[in-house]
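The numbering of the sequence shown is the numbering used here, which starts it at 572 and goes up by one. All C-beta atoms in this analysis are idealised placements derived from N, C-alpha and C, irrespective of residue type, glycine included. Everything numeric in this text was worked out from a predicted model, so none of it was measured. Below: one structure, written as structure tokens.
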Amino acid sequence: MTRPGVRRVTWRAARARRRELTRLCGWSLVESLPALLSGYLIARAVDDGFLVGHPLTGLTWLGALAVAVLLGATATGRTYRSLGAVVEPFRDDLATRVVRGALHDATRTGGHPDSATVTRLTHQVEIVRDTFAGLLMVTRGFLFSAGAALLGLLALAPTVAALAAAPMLVGLAVFIAALPAMVAHQRAYVRAGEHLGQAAATALAGHRDVLACGAQARVTADVQRRVSAQAATERTLARMAAIRSLSLGIGGWLPLVVLLAATPWLVERGLTAGAVLGALIYVSTGLQPALHTLVQGIGGGGLRYVVTLENILRTYPDTAPAPAPHTPRPPTHQTGPAPAIEARGLTFRYGPRSRPVLENFSLTLADGEHLAVVGPSGAGKSTLAALIAGLTPPEAGTVHLAGEPVAHATPAALARMRVLVPQEAYIFTGRLADNLRYLRPDADDSTLETAVDALGARPLATRLGGLAAPITPTQLSSGERQLIAAVRAWLAPAPLVILDEATCHLDPALEATVEDAFAHRPGSLVVIAHRISSAIRAQRLLVLDGDEPATGTHEQLLSRSTTYRLLVGCWDEPAMAPPAPRA
């Protein structure tokens, strides 16, 4: 898994919407016309109009300014429309990351649902969306507004532009130098809030146990400590606001003081009254508001953006595995097809100190073979299915499907190798045909009808109203959902099918029909059996009993495996049959 940084994710989002960003910059340029022209037009209105007794000329210059203001106001509406085209796809990408990561954690073997997922999806993603939009607006506003004001000052007098720009740059440098500390304190504040929420939720969920054990004082003290920690971080954040005020004072107000103090000197060197007024307008309505918006925006929303997005990326890194380095396999002398499954030395446990579910386990399944896996509950049958399917990485060992390694394979590559049908079948709302075509989109109606008949699903399809009928998962029984999922898997082009108790809700007759259809389907079949009848129908059986796994036919295992005899209800010791080769 990889965890890209905030900067890289932000840059990637911006690059993905270059056209929309270009449009946003274009409208921002039009929006900045009043900032560019205001001081110059007012200077002309004063010097060429009102001061020399030509009020009509002065009003004409002010009329030009009014036109620029109207154009800027029109562009402002367009900028928000362009902003949405950049921000909303970024928000959708983050929501997809959260949902994908939460589903991955909840559905992987040994995983668990994350109770904070809804909070992250509805709260943190929205914070990132809003603050990302705010950052774009304040950044482009500063660049265009401050840039336009500086250009206007240069047009009036380069000396005035230098006097105003110098303190503004100093104030900006002070703010940038303080940003790393601000980010660190904002991060501490967010984490303190998360720790407080976890402590409070734990105390509330276990309040009966707390009362029963008499641990009220201890739990209260722990929550109080979390409250104090969050309050301390909030006070630190409040103190950081003083640095923002200092940078605003230097960069926003000091230029006005410098210009006012230098006015006599500037007038002596030929600067007109209108030019002085225009310069003050550029500073007070252009540079100062732009810097104020930038400092407040980045100092507030920008810090929340960095810390919140960092938290999402840390919690939900990219689940796509990194491509495995290409290592050529040693040449083999095998002339026939590669085994459907070749597992070597598999070891897996659910915790670093827990007992291994599988230890140094090996299995070879020939191409086209039908294997049933049986054993008591907790023996590792579903774990083995997840390891073979590539859903769970083993602690040690390797798995190859049709000669291809499962480790580091992409989801698309795994889908071409095998199809796994779990006990709880997933059916989505939509047409029956769309559910059946989920793994084989190019299947025509005739192919679907053949599959429905082969697996005994014709009565269900007729009751639902045919292939074009809409279905709702909650209105189907568990067995009906399993049957639809079985037809879908039977249609899949993958050569290997793994049924992990995928027919446990079907009646025995329909289960036999389904398994017979899979047995005659081209390819290989692994059935995690919940009924012994499923095991008897298989060509070969694998018994997992927590000790040494055993493989063989039904007759061989009756003589060799006590666990298997108990499973089939055979209490008599049969005559010993010749031992079967180990897996």
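Helix, strand or coil for I1042 per DSSP?
Working through the sequence shown from its first residue, we reach residue 1042 at position 471. Strand at I1042.
In whole angstroms, what is the alpha-carbon distance linking D938 and R1052?
Sequence index remark: in the sequence shown, residue 938 carries index 367 (1-based). Sequence index remark: in the sequence shown, residue 1052 carries index 481 (1-based). Approximately 29 Å, taken between the alpha carbons.
Mind checking who G1123 pairs with in its DSSP beta bridge?
Within the sequence shown, residue 1123 is the residue found at index 552, counting from 1. For G1123, which the question treats as bridged, DSSP gives the partners L1112.
Measuring only the C-alpha atoms, how far is P899 from A973?
Counting from one through the sequence shown, the residue named residue 899 turns up at place 328. Counting from one through the sequence shown, the residue named residue 973 turns up at place 402. Reliability of the predicted coordinates at P899 is poor, the pLDDT of 44 falling under 50, and the value obtained from them is presented with this limitation in mind. Rounded to the nearest angstrom, the two C-alpha atoms are 16 Å apart.
Counting only the same chain and skipping the five closest in sequence on each side, list residues whose C-beta sits under 6 Å from that of Q801.
Residue numbering aside, residue 801 sits at position 230 when the sequence shown is read from its first letter. Within the same chain, Q801 has close Cβ partners A763, G764, L767.
Please report the distance separating the alpha-carbon of Y997 from that of A1056.
As a first step, residue 997 is located in the sequence shown; it is residue number 426 there, counting from the start. As a first step, residue 1056 is located in the sequence shown; it is residue number 485 there, counting from the start. So the alpha carbons of these two residues sit roughly 7 Å apart.
Cβ shell of D1016 (< 8 Å), same chain only, five flanking positions each side left out
Position 445 of the sequence shown, counted from the start, is the residue given in the question as residue 1016. Within the same chain, D1016 has close Cβ partners A1004, L1038.
M739 and L858 look like a contact to me (Cβ under 8 Å); what is the Cβ gap, rounded to whole Å?
Locating residue 739 in the sequence shown gives position 168, where the first residue counts as 1. Locating residue 858 in the sequence shown gives position 287, where the first residue counts as 1. The Cβ separation is near 6 Å, so the contact holds.
May I have the straight-line CA-CA distance separating H1076 from R885, to the nearest angstrom?
On the sequence shown, residue 1076 is found 505 positions in, with the first residue counted as 1. On the sequence shown, residue 885 is found 314 positions in, with the first residue counted as 1. Cα to Cα, the separation comes out at about 40 Å.
Can you find the residues in the same chain that come closer than 7 Å, C-beta to C-beta, to G872, ignoring five residues on each side of it along the sequence?
To locate residue 872, count along the sequence shown from 1; it is residue 301. Only T702, G705, L706 meet the Cβ criterion.
Which word fits A517, buried or exposed, when buried means at least 16 other C-beta atoms lie within 10 angstroms of its C-beta?
Absent from the structure is residue 517, since the part of the chain shown begins at 572 and ends at 1154.
Taking the C-alpha atoms as reference points, what is the distance between L725 and L636?
Here residue 725 refers to the residue found at position 154 of the sequence shown. Here residue 636 refers to the residue found at position 65 of the sequence shown. Going from the Cα of L725 to the Cα of L636 covers about 18 Å.
Going along the chain, which residues of its own chain have a beta-carbon closer than 7 Å to the beta-carbon of R868, five neighbours each way excluded?
Position 297 of the sequence shown, counted from the start, is the residue given in the question as residue 868. Note on identity: in this sequence residue 868 is Gly, with Arg being the wrong assignment. Same-chain partners within the cutoff: G705, L706, V709.
Quick check on the DSSP output: the beta strand (DSSP E) that includes F932 runs from which residue to which?
Translated into the one-based positions of the sequence shown, residue 932 becomes position 361. That run of the beta strand (DSSP E) goes 929 to 936.
Count the other CB atoms, across all protein chains shown, that sit within 10 Å of the CB of E1126; report buried if there are 16 or more and exposed otherwise.
As a position in the sequence shown, residue 1126 is number 555, starting the count at 1. Exposed, because fewer than 16 other Cβ atoms sit within 10 Å of the Cβ of E1126.
CA-CA distance, P965 and L1128?
As a first step, residue 965 must be located in the sequence shown, where it is residue number 394. As a first step, residue 1128 must be located in the sequence shown, where it is residue number 557. So the two alpha carbons sit approximately 28 Å from each other.
Is it right to say R779 is buried, meaning 16 or more other beta carbons lie within 10 angstroms of its own, or is it exposed?
In the sequence shown, residue 779 corresponds to position 208, counting from 1. Its Cβ having fewer than 16 others within 10 Å, R779 is exposed.
In three-state DSSP terms, what is Y921?
Walking along the sequence shown from the start, residue 921 turns up at place 350. DSSP places Y921 in coil when its eight states are reduced to three.
How long is the line joining the alpha carbons of V928 and P660, rounded to whole angstroms?
Working through the sequence shown from its first residue, we reach residue 928 at position 357. Working through the sequence shown from its first residue, we reach residue 660 at position 89. Roughly 43 Å between the two C-alpha positions.
Verify whether the separation of the beta carbon atoms of A943 and R671 is less than 9 Å.
By 1-based counting over the sequence shown, the position of residue 943 is 372. By 1-based counting over the sequence shown, the position of residue 671 is 100. No. Outside cutoff.
Classify H971 as helix, strand or coil using the three-state DSSP reduction.
Numbered from its first residue, the sequence shown carries residue 971 at position 400. Residue state, collapsed to three classes: strand.
Could you tell me how far apart the beta carbons of T1000 and P1064 are, in whole angstroms, since I believe they sit closer than 8 Å?
Residue 1000 sits at position 429 when you count from the first residue of the sequence shown. Residue 1064 sits at position 493 when you count from the first residue of the sequence shown. No, T1000 and P1064 are not in contact; Cβ-Cβ is about 25 Å, not under 8 Å.
Can you tell me whether T593 is buried or exposed? The criterion is at least 16 other CB atoms within 10 Å of its CB, across all chains shown.
As a working note, residue 593 is residue 22 in the sequence shown. Label assigned to T593: exposed.
Who are the near neighbours of A719 in its chain, counting only those whose CB is closer than 6 Å to its CB and skipping five residues on each side?
Locating residue 719 in the sequence shown gives position 148, counting from the first residue. Hits under 6 Å: S603, A606, L607.
Give every residue of the same chain whose Cβ lies closer than 7 Å to the Cβ of L1138, excluding the five residues on either side of it in the sequence, and list them in chain order.
What you label residue 1138 is simply residue 567 of the sequence shown in a count that begins at 1. Correct list, in chain order: V945, I1103.
Using alpha carbons as the reference points, say which of R700, A911, S1105, S816 lies closest to L865.
Along the sequence shown, one-based indexing puts residue 865 at 294. Here the closest residue by C-alpha is S816.
Give me whichever residues DSSP pairs with A943 in a beta bridge.
Within the sequence shown, numbered from 1, the residue matching residue 943 stands at position 372. According to DSSP, which records beta bridges pairwise, A943 is partnered with V1098, L1112.
Close beta carbons around A911, own chain, < 8 Å, minus the five adjacent residues each side:
Against the sequence shown, residue 911 aligns to sequence position 340. Here the set comprises L936, A937, D938, G939, E940, L972, A973, P1066, L1067, G1094, S1095.
Reference G1013, options L627, T981, L1062, closest by Cα:
The residue you call residue 1013 lines up with position 442 of the sequence shown. Strictly speaking, residue 1013 in this sequence is Asp, with Gly absent from that position. Residue L1062 is the option with its Cα nearest to D1013.
My understanding is that G951 touches G916, with C-beta atoms under 8 Å, so please give their C-beta distance in whole angstroms.
Residue numbering aside, residue 951 sits at position 380 when the sequence shown is read from its first letter. Residue numbering aside, residue 916 sits at position 345 when the sequence shown is read from its first letter. Actually they do not touch by this definition, with Cβ atoms about 15 Å apart.
Alpha-carbon spacing of A1088 relative to A1022, whole angstroms
Walking along the sequence shown from the start, residue 1088 turns up at place 517. Walking along the sequence shown from the start, residue 1022 turns up at place 451. Those two C-alpha atoms are separated by around 9 Å.
From A584 to V657, what does the alpha carbon distance come to, in whole angstroms?
Along the sequence shown, one-based indexing puts residue 584 at 13. Along the sequence shown, one-based indexing puts residue 657 at 86. Spanning the two alpha carbons is a distance of roughly 8 Å.
DSSP bridge partner residues for P1155 (one or two, in chain order):
Given that the chain is displayed from residue 572 to residue 1154, the structure contains no residue 1155 and the question cannot be resolved.
Under a three-way DSSP split, which group does G672 fall into?
Start at 1 with the first residue of the sequence shown, and residue 672 comes out as number 101. The answer is helix: DSSP assigns G672 an H, G or I state.
To the nearest angstrom, how far is the alpha carbon of T645 from that of Q994?
The count along the sequence shown starts at 1 and reaches residue 645 at position 74. The count along the sequence shown starts at 1 and reaches residue 994 at position 423. Straight-line Cα distance between these residues: approximately 59 Å.
Going by beta carbon distance, what residues of the same chain come within less than 8 Å of M811, once the five residues before and after it are set aside?
Reading the sequence shown from its first residue, position 240 is the one you call residue 811. So the list reads A749, A752, M753, H756, G870, once near-sequence residues are dropped.
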